[in-house]
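2 protein chains.
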Amino acid sequence: MALDDSWFTEAANGYGLSLKVKKKLHDEQSPYQRIEIFETETFGRLMTLDGLVMLTGRDNFIYHEMMTHPVLFTHSNPKNVVIVGGGDCGTLREVLKHKTVKQVLQVELDERVTRVAEQFFPELCESNNDKRAKFLFQDAIQWMEDTAAASVDVIILDTTDPVGQASRLFSVPFYKDCMRVLRDGGIMVGQSESPLFNMDILRHMHQTMEEAGCDDKLTIHFPQCTYPSGWWSATMARKGQKLNGFRETAARKKTFATRYYNADIHLACQTMPNFVNEALDGKGDW
Amino acid sequence: MALDDSWFTEAANGYGLSLKVKKKLHDEQSPYQRIEIFETETFGRLMTLDGLVMLTGRDNFIYHEMMTHPVLFTHSNPKNVVIVGGGDCGTLREVLKHKTVKQVLQVELDERVTRVAEQFFPELCESNNDKRAKFLFQDAIQWMEDTAAASVDVIILDTTDPVGQASRLFSVPFYKDCMRVLRDGGIMVGQSESPLFNMDILRHMHQTMEEAGCDDKLTIHFPQCTYPSGWWSATMARKGQKLNGFRETAARKKTFATRYYNADIHLACQTMPNFVNEALDGKGDW
Numbered sequence: 380m381a382l383d384d385s386w387f388t389e390a391a392n393g394y395g396l397s398l399k400v401k402k403k404l405h406d407e408q409s410p411y412q413r414i415e416i417f418e419t420e421t422f423g424r425l426m427t428l429d430g431l432v433m434l435t436g437r438d439n440f441i442y443h444e445m446m447t448h449p450v451l452f453t454h455s456n457p458k459n460v461v462i463v464g465g466g467d468c469g470t471l472r473e474v475l476k477h478k479t480v481k482q483v484l485q486v487e488l489d490e491r492v493t494r495v496a497e498q499f500f501p502e503l504c505e506s507n508n509d510k511r512a513k514f515l516f517q518d519a520i521q522w523m524e525d526t527a528a529a530s531v532d533v534i535i536l537d538t539t540d541p542v543g544q545a546s547r548l549f550s551v552p553f554y555k556d557c558m559r560v561l562r563d564g565g566i567m568v569g570q571s572e573s574p575l576f577n578m579d580i581l582r583h584m585h586q587t588m589e590e591a592g593c594d595d596k597l598t599i600h601f602p603q604c605t606y607p608s609g610w611w612s613a614t615m616a617r618k619g620q621k622l623n624g625f626r627e628t629a630a631r632k633k634t635f636a637t638r639y640y641n642a643d644i645h646l647a648c649q650t651m652p653n654f655v656n657e658a659l660d661g662k663g664d665w
Numbered sequence: 380m381a382l383d384d385s386w387f388t389e390a391a392n393g394y395g396l397s398l399k400v401k402k403k404l405h406d407e408q409s410p411y412q413r414i415e416i417f418e419t420e421t422f423g424r425l426m427t428l429d430g431l432v433m434l435t436g437r438d439n440f441i442y443h444e445m446m447t448h449p450v451l452f453t454h455s456n457p458k459n460v461v462i463v464g465g466g467d468c469g470t471l472r473e474v475l476k477h478k479t480v481k482q483v484l485q486v487e488l489d490e491r492v493t494r495v496a497e498q499f500f501p502e503l504c505e506s507n508n509d510k511r512a513k514f515l516f517q518d519a520i521q522w523m524e525d526t527a528a529a530s531v532d533v534i535i536l537d538t539t540d541p542v543g544q545a546s547r548l549f550s551v552p553f554y555k556d557c558m559r560v561l562r563d564g565g566i567m568v569g570q571s572e573s574p575l576f577n578m579d580i581l582r583h584m585h586q587t588m589e590e591a592g593c594d595d596k597l598t599i600h601f602p603q604c605t606y607p608s609g610w611w612s613a614t615m616a617r618k619g620q621k622l623n624g625f626r627e628t629a630a631r632k633k634t635f636a637t638r639y640y641n642a643d644i645h646l647a648c649q650t651m652p653n654f655v656n657e658a659l660d661g662k663g664d665w
């Protein structure tokens with residue numbers, strides 16, 4: 380069957396994912412990108428940037444929980460957190476659930492993404508007025524360059540794909556700055572694309588983190604229905620310590636609700652299929 | 380963007396998945412269903428039954444490995460295995476990798492699926508001539524009714540979705556027959572659809588297995604790119620024993636190659652997100 384324009388479709392590399400649209404709610408060209416919001420038939424609201432799915436109301440909980448709780452329960456005492464990108468504020472909301480966190484700074488290039496999210500995804504923005512949350516709308520590369528060494532516990536790279544502008548956020552110089560800005564034991568985590576479709580990017584991220592001087596790396600994985608292949612990953616890199624272990628008791632006794640994350644998932648999401656392990660070791664058929 | 384007829388698309392419930400087609404290789408109406416084979420741009424060959432994706436060359440390894448190795452390494456000594464459905468023979472190939480297995484009987488309704496698979500997916504059929512493999516092309520419901528009690532160690536329900544004909548393969552009477560046919564400690568496993576899209580089916584399977592008199596149930600999950608939502612599950616039910624533990628040493632020392640499965644994945648795939656645990660407990664927001 381053919382799909383007509385009543386569907387939003389993201390298609391690349393011989394694979395397409397479509398969501399049936401009831402109505403387009405918003406369409407603007409910001410200084411940086413085209414931002415569109417759709418009301419879909421079965422996925423709630425959909426935000427796209429330059430025609431690529433950023434999130435839907437139905438399944439963003441998995442991504443946002445898995446970009447935050449694993450790294451925050453791995454760090455022994457995360458107080459200062461920086462989010463790079465993350466304009467929809469879903470990551471910010473999850474970070475603020477952690478009582479150890481004293482300050483979260485979100486450095487997002489495009490203020491319009493956040494303003495549009497406030498309007499169309501108010502549930503993701505419900506913690507934006509938390510006194511611990513601060514917003515900077517500027518280039519994160521410059522910000523990271525200018526920031527004092529050893530001043531941050533966790534950096535979350537909640538970015539778009541490594542193409543165009545965003546590719547600089549996956550580079551050795553930027554990761555080196557992140558490592559400098561992290562305190563000893565600090566961790567950065569970046570979304571690292573699909574293990575099935577993007578092993579080249581995943582391998583590149585590992586190499587780049589290594590070159591940037593991290594002391595350990597760890598990739599986790601989780602389903603993400605509306606991203607290409609339906610399977611996604613995030614990769615952590617740590618300064619001065621290994622990435623084994625986490626605050627398991629705190630995770631088991633966490634005082635906030637999650638729909639995907641739990642302490643058992645924390646352990647399970649680190650377990651990789653053979654072909655991923657082999658590819659990350661520079662071997663195998665992927 | 381709209382997708383034209385150069386794409387194969389499976390769409391339902393406001394969600395669509397498309398694969399770019401180079402060429403249609405085969406199209407027939409068997410006595411039971413329409414069987415089509417496509418050469419795709421980036422997923423190798425694609426088999427569809429009545430317009431629904433059965434498998435692609437690129438990602439079937441995950442499904443076939445996860446329908447077989449977890450159940451076979453959970454059973455203490457699987458000798459006699461029955462596959463219901465499984466006409467493409469990928470599940471059969473994986474089962475035959477286990478040296479403990481003395482006989483595998485595949486009971487598939489539609490012989491044409493197997494003949495077409497032999498032609499277009501020879502890699503999945505490479506073990507069809509193994510002396511331990513036997514094929515019956517007939518209705519599995521009748522076969523299960525007629526089969527002696529306590530004669531089989533593992534039953535793998537590698538079926539299509541529970542609609543039309545196949546819905547009888549998800550019913551209490553059929554599961555009761557499976558339980559009767561299993562030896563003590565025997566395990567059946569059935570594909571149990573998407574945790575994100577089909578929680579109603581997953582819950583129904585658990586209830587149905589319970590009513591059929593199983594002594595324990597366990598759902599596992601794994602990515603499956605070309606099935607709806609990109610995330611899939613299988614559910615085991617055991618006769619006379621609990622489903623905790625597996626032959627971990629044997630799994631770690633297995634003498635055959637796998638691309639997805641390993642002993643750590645065996646443990647990890649049993650770990651469920653909160654919303655799935657809650658739904659299976661009859662609670663929560665899913």
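In order, the protein sequences belong to chains A and B. Count along the first sequence from 1, add 379, and you get the number used in this note's numbering. Count along the second sequence from 1, add 379, and you get the number used in this note's numbering. We put the beta carbon where it would ideally sit given N, CA and C, even for glycine.
Residues of the region 390–424 of chain B with a Cβ closer than 8 Å to any Cβ of chain A, in chain order: Ala390, Asn392, Gly393, Tyr394, Gly395, Leu396, Ser397, Leu398, Lys399, Thr419, Glu420, Thr421 and Phe422.
Contact between Asp489 of chain B and Gln412 of chain B holds: CB atoms are separated by about 6 Å, below the 8 Å threshold. Taking C-beta atoms under 8 Å as the contact rule, Pro574 of chain A and Ser530 of chain A fail to qualify, at a distance of about 33 Å.
Assigned with DSSP and collapsed to three states, Leu484 of chain A falls in strand. Beta-bridge annotation (DSSP): Lys403 of chain B is paired with B:Phe417. Residue pairing by DSSP places Asn653 of chain A opposite no residue, since no beta bridge is assigned to it. Ala528 of chain B sits close to Arg559 of chain B, with the two beta carbons spaced by under 9 Å. One thing to note: Leu396 of chain A has its Cβ within 9 Å of the Cβ of Ser397 of chain B.
In the DSSP annotation of this structure, the continuous segment of the alpha helix (DSSP H) that includes Thr453 of chain A starts and ends at His448 to Thr453. Using beta-carbon distances, Asp525 of chain B does not count as an interface residue toward chain A, since no partner is under 9 Å. Rounded to whole angstroms, the gap between the alpha carbons of Asp595 of chain A and Leu622 of chain A is 6 Å. In this structure, Glu415 of chain A sits near Lys403 of chain A, with a CB-CB distance shorter than 9 Å. In the structure shown, Ala527 of chain B falls within a coil segment according to DSSP collapsed to helix, strand and coil. The Cβ neighbour count for Asn439 of chain A, taken over all protein chains shown within 10 Å, is at least 16; the residue is labelled buried. Excluding the 5 residues flanking it on each side, His477 of chain A has same chain C-beta neighbours closer than 7 Å at Leu451 and Pro457, in chain order. Under a criterion of Cβ atoms nearer than 8 Å, no residue of chain A is adjacent to Leu659 of chain B; the nearest Cβ is some 14 Å distant. Within a 10 Å sphere around the beta-carbon of Pro501 of chain B sit fewer than 16 other beta-carbons, which makes this residue exposed. Nearest CB-CB separation between Asp643 of chain A and chain B: below the 9 Å threshold. With contacts defined by Cβ atoms closer than 9 Å, Thr605 of chain B and Arg491 of chain B do not form a contacting pair.
Leaving aside the five residues that flank Glu444 of chain B on each side, the residues in its chain whose CB is nearer than 8 Å to its CB run, in chain order, Glu473, Thr637, Arg638, Tyr639 and Tyr640. Interface annotation, Pro602 of chain B: in contact with chain A, CB-CB separation under 9 Å. By the beta-carbon neighbour count (other beta carbons within 10 angstroms, threshold 16), Ala591 of chain B is buried. For the C-beta of Ala381 of chain A, the chain B residues within less than 8 Å are, from N- to C-terminus, Ala381, Leu382, Asp383, Asp384, Trp386 and Thr388. According to the DSSP assignment, Gly469 of chain A belongs to the alpha helix (DSSP H) that extends over Gly469 to Val474. Leu434 of chain B sits in a strand when the DSSP states are folded into three classes. Look at Gly569 of chain A: its C-beta is not under 9 Å from any C-beta on chain B. Contact between Val463 of chain B and Leu581 of chain B fails: their C-beta atoms lie close to 19 Å from each other, not under 8 Å.
Contact between Asp532 of chain A and His454 of chain A holds, since their C-beta atoms are separated by about 6 Å, short of 8 Å. Separation of Trp522 of chain B and Leu484 of chain B (C-alpha to C-alpha, rounded to the nearest whole angstrom) is 11 Å. For the pair Gly430 of chain A and Phe387 of chain B, the Cα-to-Cα distance works out to about 21 Å. Within chain A, no C-beta atom comes less than 7 Å from the C-beta of Arg559 of chain B; the nearest is roughly 34 Å away. In the three-state DSSP reduction, Leu548 of chain B falls in the helix class (H, G or I).
According to the DSSP assignment, Phe440 of chain B belongs to the alpha helix (DSSP H) that extends over Asn439 to Met445. Close to chain A, meaning a Cβ-Cβ distance shorter than 7 Å, are the following residues of the region 590–622 of chain B: Pro602, Cys604, Ser608, Gly609 and Trp610. In this structure, the alpha-carbon of Glu524 of chain A lies about 48 Å from that of Lys401 of chain B. Sequence-distant Cβ neighbours of Phe499 of chain B in its own chain, meaning closer than 8 Å and more than five residues away, are Leu404, His405, Ile416, Arg424 and Met426.
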